[in-house]
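J.:
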Amino acid sequence: MLSFHRLYIVKLWRFDVAHHKILGKDYTTPDLVAKVTGQAKYAEDFRAEGMVFAKLLLSPMPHARITRI
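This note's numbering numbers the first residue of the sequence shown as 1 and each following residue consecutively.
Here's what the structure looks like:
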């Protein structure tokens, strides 16, 4: 006899498998080659004119104040 938890997992697994059309089949994403070769563009790769950058400076001592850089 299955416990409630195991029965829930079995039902959940059957539900997920039934609704996935590509499960168990070969599937290639359209951008696979670009990602593997490093040609894909991510948000970090874009630069705008006048863009500024910042870095968070933390104190090495707890509760200390940073008075100068």
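For each residue, glycine too, the CB sits at the ideal point set by N, CA and C.
In this text, all values refer to a predicted model and were calculated from it rather than measured experimentally.
Have a look at residue 52 and residue 44 and give me their C-alpha separation to the nearest angstrom.
T.: Computed Cα separation, rounded: 13 angstroms.
J.: Considering residue 54, what are the terminal residues of the alpha helix (DSSP H) in which it resides?
T.: Looking at the DSSP string, residue 54 is not in any alpha helix (DSSP H), and its letter there is neither H nor E.
J.: Could you round the C-beta distance between residue 66 and residue 56 to whole angstroms and report it? I think they count as a contact, below 8 angstroms.
T.: Wrong, their Cβ atoms sit about 11 angstroms apart, outside the cutoff.
J.: Going by C-alpha to C-alpha distance, which of 40, 25, 24 sits closest to residue 31?
T.: Ranking the options by Cα distance to residue 31, first place goes to 40.
J.: Could you tell me the boundaries of the alpha helix (DSSP H) in which residue 35 lies?
T.: 32-37 is the extent of the alpha helix (DSSP H) around residue 35.
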